[in-house]
Each structure stands twice: as structure tokens, then as C-alpha cells.
Amino acid sequence: MNASDTPAGTMGGNPEQLRQECICPECPTYTPCARDAQELLYCVAGRSPRCITEDLGCICPTCPVADRIGLEHLTFCLLGSEAAQRAGRDAR
Ligand code: SF4
Ligand code: SF4
Numbered sequence: 006m007n008a009s010d011t012p013a014g015t016m017g018g019n020p021e022q023l024r025q026e027c028i029c030p031e032c033p034t035y036t037p038c039a040r041d042a043q044e045l046l047y048c049v050a051g052r053s054p055r056c057i058t059e060d061l062g063c064i065c066p067t068c069p070v071a072d073r074i075g076l077e078h079l080t081f082c083l084l085g086s087e088a089a090q091r092a093g094r095d096a097r
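In my numbering, the protein residues as written are 6 to 97.
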């Protein structure tokens, strides 16, 4: 088994590769503003600074990254990164 195939091996791994797999642009909550700002990977990077304000549903559970790095939460663009949500606080 390759270490990069495991959640532990990928967490903190290659963010650029994870960005390429992020399906946020297909989500109803994602906005043209977020697209223009090239915002992606909210699960790691934290919430959108200004582009996303309304929760219209989250498709993160169907994203390959969610399985890969073992995400337990949702709606990262509004609620903060996985790490922040696990810590029980908002990521500003
Ligand atoms: S889990 Fe959500 S925020 Fe993270 S990469 Fe996938 S679609 Fe983007
Ligand atoms: S984090 Fe979830 S709710 Fe936000 S844009 Fe990505 S898929 Fe949609």
C-alpha cells in the first residue's frame, strides 16, 4: 500500500492536487464571486472571506477529497475548515 493512499498520508499532503479535485464549483451554494476569486478547498483553507453568504446545500459528501482526508463536517465555505469545526469554533 502506498502511504499517499491513506487518509493520514494525504492530510497535510499536496493541497494543489486536492484543489484540483474540489467540486465546490458544482455546488448550488458556490457563487460567481467565489469562482472569480478562485476559491476552493474550503475544508482545508477555511470559510469564504466574503463571496459566500447563503447556504443552498453542500455537496461535499460526494467529493473525492472528503473520503480521502476523512472529513466529518459540511458547509466549510460558511462554517470554517474541518479542523476549525472539530475544534468547535468558527474560523474567521
Ligand atoms: S470536501 Fe468540499 S470543500 Fe473540500 S475539496 Fe471537496 S468540495 Fe471542496
Ligand atoms: S464547502 Fe460545501 S457548501 Fe460550500 S461551496 Fe463547497 S460543496 Fe458547496
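C-beta: ideal position from N, C-alpha, C; glycine also.
In this text, all values refer to a predicted model and were calculated from it rather than measured experimentally.
When you compare only the Cα positions, how much space is there between residue i and residue j?
| i | j | result |
| --- | --- | --- |
| ALA89 | HIS78 | 10 Å |
| VAL70 | GLU59 | 23 Å |
| CYS108 | GLN43 | Outside the shown range of the chain, which is 6 to 97, sits residue 108, and nothing can be said about it. |
| GLU51 | GLU31 | In the sequence under discussion, the amino acid at residue 51 is Gly, which differs from the Glu named in the question. Approximately 18 Å, taken between the alpha carbons. |
Under the three-state reduction of DSSP, which class applies to residue i: helix, strand or coil?
| i | result |
| --- | --- |
| LEU83 | helix |
| ALA39 | helix |
| PRO54 | coil |
| CYS27 | coil |
| THR67 | helix |
| CYS48 | helix |
Are residue i and residue j close, meaning C-beta to C-beta below 8 Å?
| i | j | result |
| --- | --- | --- |
| LEU83 | ILE57 | yes |
| THR34 | GLY62 | yes |
| PRO20 | LEU46 | yes |
Residue list, Cβ distance to ligand 2 heavy atoms smaller than 5 Å: These are the residues, in chain order, with a beta carbon less than 5 Å from any non-hydrogen atom of ligand 2: CYS29, CYS32, THR34, TYR35, TYR47, CYS63, ILE64, CYS65, THR80, PHE81 and CYS82.
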